[in-house]
Each structure stands twice: as C-alpha cells, then as structure tokens.
Amino acid sequence: MKTYYLFDLDGTLLDPGIGITEGVRYALKHFGIEVPERSQLYPFIGPPLLDSFQEFMGLSLQEARQAIRFYRDYYQDQGMYENTIYPAIPSVLASLKDQGKTLALATSKPEYFAQKILDHYDLAQYFDFVGGATLDEARSKKSDVIQYSLQHLDNPDVNQAVMIGDRKFDILAGKEIGLTTIGVLYGYGSKQELQAAGADYLVSQPEDLLNWQG
1 MKTYYLFDLD GTLLDPGIGI TEGVRYALKH FGIEVPERSQ LYPFIGPPLL
51 DSFQEFMGLS LQEARQAIRF YRDYYQDQGM YENTIYPAIP SVLASLKDQG
101 KTLALATSKP EYFAQKILDH YDLAQYFDFV GGATLDEARS KKSDVIQYSL
151 QHLDNPDVNQ AVMIGDRKFD ILAGKEIGLT TIGVLYGYGS KQELQAAGAD
201 YLVSQPEDLL NWQG
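The opening position of the sequence shown corresponds to residue 1 in the working numbering, with each subsequent residue numbered one higher.
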C-alpha cells in the first residue's frame, strides 16, 4: 500500500479549461493570432507554457516568454478563478487523509498560482505540501517538480509513492523518478496517450482512487 500520493492539478483535481484557454487566447492576441475555438487550445493544458507556445503556435523563445507574461496578466486577475472542481475530489482527498495518506501537489503550474487556487477552492487543507514550478523557469520540468515535492516530504522511498495525473507528462515524469503512476481518464489526456506513456494503472473517476490497491 502506498503512503504518499502526489497529484497533478489541472485536469486531475480541477477542470481548468476556461481559465487556461482564455488566458492563452488573450496572450496570442498580442501577436495578432486569433483562435476562434477554445478547444483548439486544450493541448496547452498540462505541459509547461514555455514549451507549448513554441511547439503549438510557432513562437520563438523570446516571444514565448512575452506570451507567458501576457498570459499571467490575465490569469492572476481572472483565469485562476475559472476552474471547476471535479465531482467527488474533496471527499476523495478527505478520505485519503482519513486513511493516513500523505498528500502533495506536483504541478507544472507556478507554485504561487497553485497555492492561491487550492486556497480559493478550499482544497489546501488536504495537502501536506504544495509543489509547483517557479515563475523564473528555474524549476519547470515535471520531474523536477516531483523531486522537489518529495524532498519536502523528507524524501520517502519511491516505492511508497504514487504520481496521479491526466497527461503523459505526469506519467513519464513519475516513471523517470521511479514512482508508480496512475492516469486519470476524466481529464485532458486520452486513454491511448496515458497507456503509451506507460501508466501503471488507469482510473475512470476520482472515487476509483479509494479502491486502488497498488
């Protein structure tokens, strides 16, 4: 039985579809790029924004950094509050705590925003540590964030920890560290994506985490 549960944020605890995509649209308008359908920007949910602006929109590194600044202008005022908690997440987190589990966040979102979001949605109470990226990109890789969170949990044996997320980035980073990985199918990654990344287990809904016997 695992003792340490590391959670991704976007697409795992919360549906961030509106906040992230509207923030990206706001940023892209500064470069003369109009995106009529928010769904076209769903690939931005999960990976670091610096990579996404370059890979998906063809921006240069300098332009991508500018885009992130525009994005954050929108996100800190409005976007971070345009989330929806997935059904049952609060009760699942509470039950895991009742079982004696140690919960931590490991998100590619800047830690500053992640903490504010958990506070706003009354989820911070369930977490022993909130780990995220830095605003200056010094810590942006998902595997670095996971390592950072584990360090703040006093470096438990990786065999006692599990990484839970909805995208391949969560699974690949967890496996890189040596963690058991669980892919959630209610987020933004497909079953095929999570299987191809090598997820050890898949769950269809948050409640399934309570019945998992890994």
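Beta carbons are placed, not taken as given, at the ideal position from N, Cα and C, and that holds for glycine.
### Task
Taking only the alpha-carbon atoms, compute the straight-line gap between A94 and L209 and give it to the nearest angstrom.
12 Å
Cα-Cα separation between D170 and M163, rounded to whole angstroms: 7 Å
For Q100, which three-state DSSP category applies?
-> The identity of residue 100 in the sequence shown is Gly, whereas the question assumes Gln. If DSSP states are grouped into helix, strand and coil, G100 belongs with coil.
Discussion item. My output table needs one value for A173: the three-state DSSP class, helix, strand or coil.
Written reply: helix
Review point. Between which two residues does the beta strand (DSSP E) carrying A161 extend?
Key: 161 to 165
inquiry  = Using only the alpha-carbon positions, how far apart do E37 and M57 sit?
reply    = 14 Å
Continuous beta strand (DSSP E) stretch holding L6: start and end
4 to 7
Taking its Cβ as the centre, do 16 or more other Cβ atoms sit within 10 Å of T84, making it buried, or is it exposed?
exposed
| message | As a quick exercise: from N211, E63, A114, S52, pick the residue whose alpha carbon is nearest that of Q40. | response | S52
Self-check item: Contact under 8 Å by Cβ, G214 with V184
Solution: no
**Prompt:** For Y201, does the three-state DSSP call read helix, strand or coil?
**Reply:** strand
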